[in-house]
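Reminder that position 217 of the sequence shown reads as 639 in the working numbering, one-by-one numbering, no gaps. A short write-up of the structure that comes next.
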Amino acid sequence: MAILLLVLLLWYSGLFFQSFFLHRYAAHQVYTMSKRTEKITFFLTWLCQGPSYLSAYGYGVMHRMHHAYTDTEKDPHSPKYDHNLFAMMWKTKNIYGDINNKRIEVDQKFTKNVPQWKNFDRFASSRGSRIAWIVIYTILFVFLVTAWWQWLFLPILFLMAPIHGVIINWFGHIYGYVNFKTTDTSKNLFRFDFLMMGEGYHNNHHKHSSRANFGGIHWYEIDVTYMIMRFLNKLNIIKLK
């Protein structure tokens, strides 16, 4: 039970900051926050994503490119041009690295106002940081595991952020239902998105990419991340546009 609680805590906390900070703030900027709050959120993203920490800059720029080039050869991740999900993950990793380390030239429209904290990213993305998190997770498992099969969760935690991404960018373009006809293959994975906290409403998001609420088209499309954002907005921690 303790291992399952740990896995759920890390899954949903890491997913929240990927959706709330990297996706809706860095890429789409559907709300604003103070610079101090932004730095705190950088730290919390690292704390919750651990060894799979993703840079807001690399993620934000790459995701804007995904929207601009969805299901074309320029798409950083598309089932249409990758033979399997592992090939897509590897391609995405390389493009993300090239963007984050500025090894490729990127159009300014994709980089405008994307948040970046270079020194922190350098630390949080470092090999030392990732190895330290792997050691911490492994030690936790040593003390909490009560059955051999629970060890199968450990590699999932190591690769948590990429797994979150592949669920949406692979399965979210193959399986599910659509509310809107679009020029791409985006689909809504679930009628109630219990697994991805609103990210699963991918067709809704591709139709209305600037909306803070990814759900809401039907009564059962509840975007949990957006509900938390509304609460943070009431507390004046963020300001929804």
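Each residue gets a CB set at the ideal place from its N, CA and C atoms; glycine is no exception.
Quiz item: Quick one: Cα of residue 492 to Cα of residue 628, how far?
Solution: 9 Å
Quiz item: Taking three-plus beta-carbon pairs below 8 Å as touching, is the stretch 475–483 in contact with the stretch 532–547?
Solution: Flag = yes, the stretch 475–483 and the stretch 532–547 touch.
Quiz item: Roughly how many angstroms separate the alpha carbons of residue 562 and residue 456, rounded to a whole number?
Solution: 35 Å
Quiz item: For residue 460, which residues of its own chain have a beta-carbon under 7 Å away from its beta-carbon, when the five flanking residues on both sides are left out?
Solution: Taken in chain order, the residues that qualify are 537.
Quiz item: Roughly how many whole angstroms lie between the Cα atoms of residue 556 and residue 580?
Solution: Straight-line Cα distance between these residues: approximately 7 Å.
Quiz item: Unbroken alpha helix (DSSP H) runs of length 4 or more, entirely within the stretch 523–557: which are they?
Solution: 530–533 and 540–546
Quiz prompt | residue 660 vs residue 649 beta-carbon contact at 8 Å | solution = no
Quiz prompt | Runs of alpha helix (DSSP H) wholly within the stretch 475–500 (minimum 4 residues, chain order) | solution = 478–490
Practice problem: Locate the alpha helix (DSSP H) running through residue 420, then write down its first and last residues. | Solution: Nothing in the structure corresponds to residue 420, since the chain is present only between 423 and 663.
Self-check item: When 633, 558 and 612 are compared against residue 576, the one with the closest alpha-carbon
Solution: For the set 633, 558 and 612, the Cα lying nearest the Cα of residue 576 is the one of 558.
Quiz item: So residue 662 and residue 453 are in contact, right, with Cβ under 8 Å, and what is the actual spacing, rounded?
Solution: Correct: roughly 5 Å between the Cβ atoms.
Quiz item: Where does residue 646 land, buried or exposed, given buried means 16+ other C-beta within 10 angstroms?
Solution: buried
Quiz item: Between residue 682 and residue 578, is the Cβ-Cβ spacing less than 8 Å?
Solution: Outside the modelled stretch of the chain, which goes from 423 to 663, sits residue 682, for which no answer is possible.
Self-check item: residue 610 - DSSP class collapsed to helix/strand/coil
Solution: strand
Quiz prompt | Beta-carbon contacts of residue 501 that lie in its chain and below 6 Å, excluding the five residues immediately before and after | solution = Residues 592, 595 and 596 of the same chain have their beta carbon placed closer than 6 Å to that of residue 501, with the five preceding and five following residues left out of the count.
Quiz prompt | 8 Å Cβ shell around residue 600 - same chain, five flanking residues per side excluded | solution = 608, 609, 610 and 625
Practice problem: Look at the alpha carbon of residue 509 and the alpha carbon of residue 465, and state the distance between them as a whole number of angstroms. | Solution: Cα atoms of residue 509 and residue 465: separation of roughly 30 Å, rounded to the nearest angstrom.
Quiz item: Under three-state DSSP, which class holds residue 502?
Solution: coil
Quiz item: Which class does residue 663 belong to by DSSP, given the choice of helix, strand or coil?
Solution: coil
Quiz item: Taking residue 640 as the reference, which of 615, 632, 631 and 655 has the closest Cα?
Solution: 615
Practice problem: Just tell me which of 571, 511, 635 and 470 has its CA closest to the CA of residue 447. | Solution: For residue 447, the nearest C-alpha among the options comes from 635.
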